[in-house]
Amino acid sequence: MIRTVAGRVRRTLPPPARRAVRAALLGWGWVTADLRASPGLIVVGAQRAGTTTLFRLLSEHPGLIRPSVDKGTGYFDDGYRHGRRWYRAHFPLRRPGRWSRIAFECSGYYLFHPLAAQRIAAELPDCQVVVMVRDPVARAHSAHRHELARGFETLRFEEAVEREHERTAGLADWLVADPTGVSFAHRHHSYLARGEYAAQVDRFVTALGRERVHVVDADELFADPIGVYVDLQRQLGLEVHRPREVKRWNERPGEPLPDPLTARLRSHFDDHDTALGVLLGHPPSWRKEQG
Numbered sequence: 148m149i150r151t152v153a154g155r156v157r158r159t160l161p162p163p164a165r166r167a168v169r170a171a172l173l174g175w176g177w178v179t180a181d182l183r184a185s186p187g188l189i190v191v192g193a194q195r196a197g198t199t200t201l202f203r204l205l206s207e208h209p210g211l212i213r214p215s216v217d218k219g220t221g222y223f224d225d226g227y228r229h230g231r232r233w234y235r236a237h238f239p240l241r242r243p244g245r246w247s248r249i250a251f252e253c254s255g256y257y258l259f260h261p262l263a264a265q266r267i268a269a270e271l272p273d274c275q276v277v278v279m280v281r282d283p284v285a286r287a288h289s290a291h292r293h294e295l296a297r298g299f300e301t302l303r304f305e306e307a308v309e310r311e312h313e314r315t316a317g318l319a320d321w322l323v324a325d326p327t328g329v330s331f332a333h334r335h336h337s338y339l340a341r342g343e344y345a346a347q348v349d350r351f352v353t354a355l356g357r358e359r360v361h362v363v364d365a366d367e368l369f370a371d372p373i374g375v376y377v378d379l380q381r382q383l384g385l386e387v388h389r390p391r392e393v394k395r396w397n398e399r400p401g402e403p404l405p406d407p408l409t410a411r412l413r414s415h416f417d418d419h420d421t422a423l424g425v426l427l428g429h430p431p432s433w434r435k436e437q438g
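With the working numbering applied, the sequence shown corresponds to residues 148 to 438, in that order.
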């Protein structure tokens, strides 16, 4: 019922009213937190790499239960200071007939946040995670359009990537040093760093073990959605559920980048993509196309 109410709220109410209803739902969730599901699956990112599409697919799976209010909670990144009870408040009540279903969430900043992997490992020792990766040049450009649309960015894309180091230098170390810290620039202005996937995936593998980290190539998912999704379900130990259709959600089409800028960014990611290929056991799709 709460999930139905939350859906209606998102569709019909203005933002201030939505925030008030969301606060009320989480307040009730806090009171009943001990009776609520604890997630066994988390989609951790990357941002702008098809996570919304995968979330929609997983939400339709009869063996899974999505959060009651939002697709993600942000608990293991900026929300960690709120505590475990706050986290459980986001999930549905456990009811007869639902005990065998696995709760899940999708928070795209977890992959990039320097502490999220170890926090998940400590609090959810049996949880599996899914990492989605996408051509990092296309991802960076899409993320910039996303931040512009949200009012979190004012610079043109080329200037934003040129100034990224200046704007974000030292912030990851600061977040590690101050576990209660929150950094706007680290979250919203790290266009290139978020696409340096190998180090981020390795951080999760180190914290959780290779068998609990499942990497999905977004470009392969969009090229063969049913095949890739079925393969992921098997990796996760889920009964295979074939959706009737697969839509690409939350896409922000944009103008193509100039060739010289694309080449410069591609060069930036050369070593990172090679390292990702070593972790995967094969080159990522965007490097296969170039080779």
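Think of the CB as a built atom: it goes at the ideal place given N, C-alpha and C, for glycine as much as any other residue.
Small disclaimer: the values here were computed from a predicted structure and weren't measured.
Using the beta-carbon count (16 or more within 10 Å), is residue i buried or exposed?
i	result
residue 286	buried
residue 212	buried
residue 417	exposed
residue 392	exposed
residue 167	exposed
residue 407	exposed
residue 299	exposed
residue 373	exposed
residue 192	buried
residue 340	buried
residue 321	exposed
residue 280	buried
Tell me which residues share the same chain as residue i and place their Cβ nearer than 7 Å to its Cβ, disregarding the 5 neighbours each side in the sequence.
i	result
residue 327	228
residue 313	none
residue 248	210, 211, 212
So residue i and residue j are supposed to be a Cβ contact under 8 Å. How far apart are they, rounded?
i	j	result
residue 415	residue 344	13 Å between Cβ atoms; not a contact.
residue 263	residue 223	4 Å
residue 375	residue 427	Residue 375 to residue 427, Cβ: 14 Å. No contact.
In this structure, how does DSSP classify residue i when only helix, strand and coil are distinguished?
i	result
residue 417	helix
residue 387	coil
residue 291	helix
residue 194	coil
residue 361	strand
residue 278	strand
residue 299	coil
residue 355	helix
residue 260	coil
So if DSSP puts residue i in a beta bridge, which residue, or which two residues, is it bridged to?
i	result
residue 252	189
residue 240	183
residue 211	249
Spatial neighbours of residue i within its chain, please: C-beta separation below 6 Å, excluding the five flanking residues on both sides.
i	result
residue 360	276, 351, 352
residue 150	With a pLDDT of only 49 at residue 150, under the threshold of 50, the placement of this residue in the model should not be trusted; the figure read from the coordinates follows. Here the set comprises 215.
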